[in-house]
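Engineer:
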Amino acid sequence: MSIITITAGSYSKGEQIAKSVAKRMEYDFADSEIILSLVSREFGVPESKLVKAIKDIPLTVGLFSQAKQQHIIYIDTVLTEHILKNNIVYYGAIGFPFIQEISHVLKVQIIANLEDRIKNKAKLDGESQQKARKTVIKEDNQQKKWAAAVYDIDLTDPNLYDLVINIGHIQDDDVEGALETIINTVKHKKFQPLTYSLRCMKNVAMSCRVRATLADIDSKMQVKSDEGTVYIYTKAVKKKAQDKVLEMKQKVMRLEGVKHVEVYVDNDLFSTVAHGQ
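To get our numbering, take the position in the sequence shown, counting from 1, and add 635.
1. Specify the secondary structure class of Val898 as computed by DSSP and reduced to three states.
2. Comparing alpha-carbon positions, which option in Gly761, Lys837, Arg834, Ile718 lies nearest Phe664?
3. What separation, rounded to the nearest whole angstrom, lies between the Cα atoms of His910 and Glu897?
4. Hey, Val724 and Ala657 are a contact pair by Cβ (cut 8 Å); roughly how many whole angstroms apart?
5. With burial defined as no fewer than 16 other Cβ atoms inside 10 Å of the residue's Cβ, what is the status of Tyr709: buried or exposed?
6. Can you have a look at Ser906 and say buried or exposed, based on whether 16 or more other CB atoms are within 10 angstroms of its CB?
7. Please give me, in chain order, every unbroken run of the alpha helix (DSSP H) with length at least 4 that falls completely inside the region 832 to 890.
8. Quick one: what does DSSP say Ala794 is sitting in, helix, strand or coil?
9. Less than 9 Å between the beta carbons of Leu741 and Thr848, yes or no?
10. Report yes if the C-beta distance between Ile689 and Ile729 is below 9 Å; otherwise report no.
11. Taking the DSSP output, what are the residues bridged to Phe664?
12. Of all the alpha helix (DSSP H) runs that stay within the bounds of the region 711 to 768, which reach a length of 4 or more residues?
13. For Asp853 versus Thr864, is the C-beta distance shorter than 9 Å?
14. So, does the region 743 to 757 touch the region 791 to 807, judging by three or more C-beta pairs under 8 Å?
15. Is the shortest distance between the beta-carbon of Lys773 and the beta-carbons of chain D less than 9 Å?
16. Output yes or no for whether 9 Å exceeds the beta carbon distance between Tyr726 and Thr642.
17. On the criterion of 16 or more Cβ atoms from any shown chain inside 10 Å, does Met636 qualify as buried, or is it exposed?
18. Tell me the DSSP secondary structure of Leu810 in three-state form.
19. At the level of alpha carbons, what is the spacing between Arg602 and His739?
20. According to DSSP, is Ile638 helix, strand or coil?
21. May I ask you to report which of helix, strand or coil DSSP gives Ile669?
22. Residues in its own chain within less than 6 Å of Asp809 by CB, not counting five upstream and five downstream?
23. Determine the closest residue to Met888 out of Arg846, Gly761, Pro681, with distance taken between C-alpha atoms.
24. Evaluate Gln877 with the Cβ neighbour count: other Cβ atoms within 10 Å of its Cβ, from every protein chain shown; 16 or more gives buried, anything less gives exposed.
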């Protein structure tokens, strides 16, 4: 049982490689399109709004509308729960920080020469290289800014990945070469799930599910989970803190697998801890 995530710039053959790996290993394949479809079905949000949530960039870092913050929380939740079943290849960048916490996930970045990517787009879309260049560069900038705004990460940082493959440096069939490299790497014992890493994965999924459950109350809260114990960090004015804590505890305790809830409230004047059983 393994999980492979692959990120790549547009027209870098990343999706082709991801699908080829899934087919060769007989794994399930998922990408943002599949995840957004599942989110729309579960939470009743039109896919068009979900697409905007993963593409639009706020003018100020971190300042998304509450609706978009909720949509991103829903997306992260469905993604983390979807990969729980293991034996899956996921192509995309959404949910990356949560996947980053799971040690047995093989995180792959595919990079390619910019000029090669421009040629690929011009050929595939039947347009001039000048137009293709503008589009590729624009998409790169948008993806980088979005990840920085939503997750505070730089997707181009090689330290985020276990394996970085420059397909421009692979001789002959670059897709086949990348495919073989990924398959050989994922066989390493580091990427085989252990009890600890499986527990971490379940904790991450639970944290995301709690955030989704409470997103209408506070879309900026922080949540940590540890085998059924949930820790929630939120903000509230003093006179509303008690009601907010009670509402959160009641909603979270209804979730399957939750045994205990602790809510930490910061009202900028003092911090209080409320315990729920």
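Just so you know, even glycine gets a beta-carbon here, dropped at the ideal spot from N, CA and C.
Structural biologist: Put simply:
1. strand
2. Ile718
3. Legend: pLDDT at His910 = 48, less than 50; position of this residue unreliable, no value from coordinates given.
4. 4 Å
5. buried
6. The predicted model places Ser906 with a pLDDT of 46, which falls under 50 and marks its position as unreliable, so this point remains unresolved.
7. Whole alpha helix (DSSP H) segments, 4+ residues: 873 to 888.
8. A small correction: the amino acid at residue 794 is Asn; Ala does not occupy that position in the sequence shown. In the structure shown, Asn794 sits in a helix (DSSP, three-state: H, G or I).
9. no
10. yes
11. DSSP output for Phe664 lists Val724 as bridge partner(s).
12. 731 to 735, 749 to 760
13. no
14. Output reads yes: the region 791 to 807 touches the region 743 to 757.
15. This model lacks chain D altogether, as it is built from one protein chain only.
16. yes
17. exposed
18. Correcting the residue identity first, residue 810 is Val in this sequence and not Leu. DSSP, reduced to helix, strand and coil, places Val810 within a helical segment of the structure shown.
19. Since the first residue of the chain shown is 636 and the last is 912, residue 602 is not available in this structure.
20. Here Ile638 sits in strand by DSSP.
21. helix
22. Ile802
23. Arg846
24. exposed
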